[in-house]
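Trainee:
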Amino acid sequence: MKRRLIYIMLMLFLAGCTAEVYETPLYSRYSARQDIAVAQVSGFQLNDSVKVDAVILVADDTAAWLGLKEEFDIRVSAGVTSWMGDIDEPRQRVRRSDLPAWRVMALNEERTIAFYRIGDSVQYQALLDYQLENMIKDK
Amino acid sequence: MEQNRITFDELWEQQERAGLQQRMMQDYPEWMRRRRIRRASLATVTVLAVAMVSLFNYQFSIQRPYDAVLCNRTTFPDSHWADVAATILTKEII
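Chain order of the listed sequences is Z and F.
When the count follows my numbering, it moves up by one through the first sequence with no breaks and lands on 825 for the last residue.
When the count follows my numbering, it moves up by one through the second sequence with no breaks and lands on 107 for the last residue.
Next comes the structure, spelled out in structure tokens:
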């Protein structure tokens, strides 16, 4: 009986340790690309109770970046540009109220696009609060 | 002449198959006590080990600002990508 209990506990522990992370379709779409570094940060913490999933694309070179810009219809060539993107097709711009959606930010100088998955208004507000708080800290 | 020796556990299994465990318990009380202690010690050590590793994982997870990271490259540690996700948020002009 005790041995069984130990086995069950070990199995539960191992199951917890090896639990697979959900791969977003956006990450899957770009994970095979050789010219782009793709990362998915699951459960990125915005405050004590709110987390979001983030996907980051970093182009290795100018050619890859120009390709990404075209894919996501980014027309500015300097600084930061952002929009709310459709959850299935983040290239498409949507309204803030059309949740779930991606909060997309593209940084030209860093050849980087970051996508934050916003599921509801609480996450959206937490994201804005995080931005404001940290920008104030930086100053 | 070589003596055919048998361990207590083997003997126990034999008796278990024969349905004579109760008698063995009466005949070998000291063995049974040692067996209980050995099993209890093993269980305690296992539970403590699992608890310590779980506690370590829990403490580690509450210190970091993310649950998990997937990446198609192995160049950077997971924390790098969490830092990137955090830094980008501070660069947008609202």
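Glycine included, each C-beta is placed from N, C-alpha and C at the ideal position.
(1) So lysine 737 of chain Z is in the beta strand (DSSP E); what residue range does that whole segment cover?
(2) Flag leucine 83 of chain F as yes if its beta-carbon sits less than 8 Å from any beta-carbon of chain Z, otherwise no.
(3) Would you list the residues sitting across from methionine 770 of chain Z in a DSSP beta bridge?
(4) Can you give me the C-alpha to C-alpha distance between alanine 81 of chain F and aspartate 91 of chain F, rounded to a whole angstrom?
(5) Do you know offhand how far threonine 710 of chain Z's Cα is from alanine 749 of chain Z's?
(6) Would you mind giving the Cβ-Cβ distance between isoleucine 760 of chain Z and valine 97 of chain F, rounded to the nearest angstrom? I have them listed as a contact below 8 Å.
(7) Please name the residue, chosen from Z/Asn794, Z/Val808 and Z/Asp774, that lies closest to glycine 638 of chain Z on a Cα-to-Cα basis.
(8) Tell me where the beta strand (DSSP E) around alanine 98 of chain F begins and ends.
(9) Which one of Z/Ile799, Z/Met821, Z/Val808 and Z/Asn820 has the shortest CA to CA distance from alanine 679 of chain Z?
(10) Alpha carbon to alpha carbon, how far is isoleucine 19 of chain F from tyrosine 693 of chain Z?
(11) Let me confirm a value: proline 776 of chain Z is counted as buried when at least 16 other C-beta atoms fall within 10 Å, else exposed. Which label applies?
(12) By alpha-carbon positions, which one of Z/Met821, Z/Leu712, Z/Gly765 and Z/Tyr816 ends up nearest to asparagine 85 of chain F?
(13) Please report whether the beta-carbon of alanine 31 of chain F lies at a distance below 8 Å from any beta-carbon of chain C.
(14) Let me make sure I understand the geometry here. Which of Z/Ala725, Z/Asp734, Z/Asp772 and Z/Trp788 has the alpha-carbon closest to that of aspartate 815 of chain Z?
(15) Could you name the residues of chain Z that tyrosine 79 of chain F contacts, counting a contact when the two beta carbons are closer than 9 Å?
Mentor: Walking through what the data contain:
(1) If you number the first sequence from 1, residue 737 of chain Z lands on position 51. Unbroken beta strand (DSSP E) run through lysine 737 of chain Z: 737–745.
(2) In the second sequence, counting from the first residue as 1, residue 83 of chain F sits at position 70. The beta carbon of leucine 83 of chain F falls within 8 Å of a beta carbon belonging to chain Z, placing the residue at that interface.
(3) For this step, residue 770 of chain Z is matched to residue 84 along the first sequence. Z/Arg789, per the DSSP bridge assignment.
(4) Along the second sequence, one-based indexing puts residue 81 of chain F at 68. Along the second sequence, one-based indexing puts residue 91 of chain F at 78. Each residue's Cα considered, the two are about 8 Å apart.
(5) The sequence position of residue 710 of chain Z within the first sequence is 24, counting from 1. The sequence position of residue 749 of chain Z within the first sequence is 63, counting from 1. In a straight line, the C-alpha of threonine 710 of chain Z is about 25 Å away from that of alanine 749 of chain Z.
(6) Your numbering for residue 760 of chain Z matches position 74 in the first sequence. Your numbering for residue 97 of chain F matches position 84 in the second sequence. Going by Cβ atoms, the distance from isoleucine 760 of chain Z to valine 97 of chain F rounds to 18 Å, so no, they are not a contact pair.
(7) Only positions 687 to 825 of chain Z appear in the structure, and residue 638 of chain Z is not among them; the question remains open.
(8) Numbered from its first residue, the second sequence carries residue 98 of chain F at position 85. Annotation for alanine 98 of chain F: no beta strand (DSSP E) segment contains it, though the alpha helix (DSSP H) segment containing it runs 91–102.
(9) For chain Z, the structure presents residues 687 to 825; residue 679 of chain Z sits outside this window and is missing.
(10) Numbered from its first residue, the second sequence carries residue 19 of chain F at position 6. Numbered from its first residue, the first sequence carries residue 693 of chain Z at position 7. The alpha-carbon separation between isoleucine 19 of chain F and tyrosine 693 of chain Z amounts to approximately 27 Å.
(11) Residue mapping note: residue 776 of chain Z aligns to position 90 of the first sequence, counting from 1. With 16 or more other Cβ atoms within 10 Å, it is buried.
(12) Working through the second sequence from its first residue, we reach residue 85 of chain F at position 72. Answer by Cα proximity: Z/Leu712.
(13) Absence of chain C from the displayed structure is noted, the protein chains being Z and F.
(14) Working through the first sequence from its first residue, we reach residue 815 of chain Z at position 129. The residue among Z/Ala725, Z/Asp734, Z/Asp772 and Z/Trp788 with its C-alpha nearest the C-alpha of aspartate 815 of chain Z is Z/Asp734.
(15) Counting from one through the second sequence, the residue named residue 79 of chain F turns up at place 66. Taking a Cβ-Cβ threshold of 9 Å, the residues of chain Z close to tyrosine 79 of chain F are Val727, Ser728, Gly729, Phe730, Gln731, Lys737 and Ala740, in chain order.
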